[in-house]
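Note that the protein sequences, when read in sequence, are chains A and B.
Every letter in the first sequence is one number past the one before it in the numbering used here, and letter 77, counting from 1, is 914.
Every letter in the second sequence is one number past the one before it in the numbering used here, and letter 204, counting from 1, is 1041.
2 protein chains.
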Amino acid sequence: MKATGRLSEAHAIHCADCPIRARAVCSYVEQTELQKLNALKYYKSFGPGQEIVAAGEESTAIGSVVEGVVSLSKTMVDGRRQMVGLMFASDFIGRPQVPVAPYDAVAVTDVTLCLFPRTRFERLLQDTPGLERRLLEIALDELDAAREWMLLLGRKSAREKISTFLTILARRTAAASGESLGDGITVTLPITREAIGDYLGLTIETVSRQLTSLRKDGVISLKGSRSIGIPDYAELLDAAGEDADGGLIA
Amino acid sequence: MKATGRLSEAHAIHCADCPIRARAVCSYVEQTELQKLNALKYYKSFGPGQEIVAAGEESTAIGSVVEGVVSLSKTMVDGRRQMVGLMFASDFIGRPQVPVAPYDAVAVTDVTLCLFPRTRFERLLQDTPGLERRLLEIALDELDAAREWMLLLGRKSAREKISTFLTILARRTAAASGESLGDGITVTLPITREAIGDYLGLTIETVSRQLTSLRKDGVISLKGSRSIGIPDYAELLDAAGEDADGGLIA
DNA sequence: TGCCCACATTGACCCATGTCAACTGAGATT
DNA sequence: AATCTCAGTTGACATGGGTCAATGTGGGCA
């Protein structure tokens, strides 16, 4: 990853007090072993739009998102772009053993990462019990999510794509805030229309038109361009082409 | 997985003599430890079209493809289907810790699997050195491949999709036979037009038309419907919308 | 040998989504 | 307040790929 962090690099937080401790790679690591991680880790911050790694570039560090949103995307020579992952707090970025990043990682919001030098992390992986196990779980979760996304990209209509995206945000928002999905939740879009298009394999214009269409049909309400009300989650799920319970990976 | 194997269940092969030993989950396991795996494993065979697991069903066994081709696919309530993985010899099917399959697994050809009871395998994972590490590598490779596929599904044209698929087959064929990609390799399609459509997010008709179009343009030659000649691999790569070296995961 | 059946190809047509372009609106800059 | 800018919306039109339907074809079996 680049050496160009933007904000102050906060070293302050000890792993024991880490906000993402419960779900990150380190979550199975014992208190006693945590010292090793704590000694090696460092924070780095990035501003919106700032590049974290570029595809093809060597990434010397890997680690977790502590705060903010990071997009992973691939770009074709002629500029067509497909987002292949949208990473939130506690998600893991980068891959052990492989020095070259296969995609661009870009900060979408203000982002703080908890990083480890890659080769050091590879050694930790071998002698820190629980680390590898958690990383495997995370990788398998990502794989399931990627496959769910393949269904969306390959087979869903524009309307279904947008609706699916909103259901995911709604579930994420509900989970984070403890609200119920039932009673008219409001979600905040973490990304621009362009990024939504890149995520869903659509153009900006189609994203915009589908949002308008969903609004006209009363499935959602728009409060400014980044805030979306969902009066009836079940109706949205239906528009997403999901069977009632979804089967989706949040 | 189902208990309805079709062919003789060959227990004959010892792990030490296994044809996929070098690349499968077990490849880092020491000779001495191999006994444990060998004692637990069993073979199961399936005929073309036979279901291995259904989405939503409990899968009690997980393991490797020894021989043949397996498709993983997701289906929407209205029947739209997207293949999310095409598994060849040494690929791993199923996921530890998660009892319910998130997709259908179907034998495409005659298939032989090397299976382990899932919960037993989970225990092995913890006390067999190297097993977890290799599974992590496999999962991360699959994840990279899935993300590459997301780019294809979300952003590539029908012609590019078909061409990309053929480049992958060509590389796989070349690697398996030791031939060079340069001199007019011939690939055999392992799946029907319908399955190709499901893999690429296209209809049968579009698959057929694009193959015809590529033939008319001299990019490929058709020898029967399942055999395709590739006179100039570079030209095919170009039609796939790839920059010269690809960057694709085979 | 010839028929059958599933797989594949081809044609005609249509529609969802992309493309190109103009317009709008909210926040920042002066 | 005037204006600039950039994200977003909307409109008109083009087109790639889907849909529906007819036709071709090759391998297995009577």
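Just so you know, even glycine gets a beta-carbon here, dropped at the ideal spot from N, CA and C.
Only a predicted model underlies this, so the values are computations on that prediction, with no experimental measurement involved.
For the stretch 963-975 of chain B, residues whose beta-carbon sits nearer than 9 angstroms to a beta-carbon of chain A comprise Q963, E969, R970, L972, L973, E974.
T1029/A and L1048/A have their C-alpha atoms roughly 13 angstroms apart.
The beta carbon of A1032/A sits no closer than 9 angstroms to any beta carbon of chain B. Between the stretch 1067-1078 of chain B and the stretch 988-1003 of chain B there are three or more inter-stretch CB-CB distances shorter than 8 angstroms, so the stretches are counted as touching. L1039/B has its alpha-carbon roughly 7 angstroms from the corresponding atom of A995/B. Contiguous beta strand (DSSP E) elements confined to the stretch 981-1040 of chain B occur at 1022-1025, taking only those with 3 or more residues. Using a Cβ-Cβ cut-off of 9 angstroms, Q919/B counts as an interface residue toward chain A, since at least one Cβ of chain A sits closer than that to its own. Around the beta carbon of T956/B, fewer than 16 other beta carbons sit within 10 angstroms, so the residue counts as exposed.
In this chain, the alpha helix (DSSP H) harbouring A1076/B covers 1070-1076. Cβ-Cβ distances below 6 angstroms link L1051/B to I1057 in the same chain, with the five nearest sequence neighbours on each side left out; the list follows chain order.
D964/A: member of the alpha helix (DSSP H) spanning 955-964, first to last residue.
Straight through space, the alpha carbons of G1015/B and G1061/A are spaced by roughly 59 angstroms.
Under the 9 angstroms criterion on CB atoms, D915/A is classed as interfacial with respect to chain B.
Among the residues facing chain A, Q1047/B is not included, as its CB has no counterpart in that chain under 9 angstroms away.
Excluding the 5 residues flanking it on each side, C852/B has same chain C-beta neighbours closer than 6 angstroms at L871, L874, N875, in chain order. L874/B is outside the set of residues whose beta carbon lies under 9 angstroms from a beta carbon in chain A.
Of the residues assessed, G1021/B falls on the exposed side of the cut-off, its CB having fewer than 16 other CB atoms within 10 angstroms. Scanning its chain for C-beta atoms nearer than 6 angstroms, with the 5 sequence neighbours on each side dropped, one finds around E959/B the residues P933, in chain order.
Judged by their CB atoms, S901/B and F929/B are nearer to each other than the 9 angstroms cut-off. The three-state secondary structure of I1057/B, taken from DSSP, is coil.
Contacts between A983/A and chain B, judged by CB atoms closer than 7 angstroms, involve L980, A983, R984, M987 in chain order. A check of alpha carbon separations from L877/A across M913/A, G905/A, C951/A, F883/A identifies C951/A as the nearest.
Think of a sphere of 8 angstroms around the beta carbon of R992/A: the chain B residues whose beta carbon falls inside it are M913, R917, R918, Q919, G1038, in chain order. Among the bridge pairs identified by DSSP, A942/B is matched with V890/B, L909/B.
The C-beta of D1080/B comes closer than 9 angstroms to at least one C-beta of chain A.
DSSP, reduced to helix, strand and coil, places R970/B within a helical segment of the structure shown.
Beta-bridge pairing by DSSP links F883/B to V948/B.
Boundaries of the alpha helix (DSSP H) harbouring E870/A: 868-877, taken from the DSSP string.
Contact between the stretch 858-866 of chain A and the stretch 963-975 of chain A is established, with three or more Cβ pairs separated by less than 8 angstroms. At least one CB of chain A lies nearer than 9 angstroms to the CB of V935/B.
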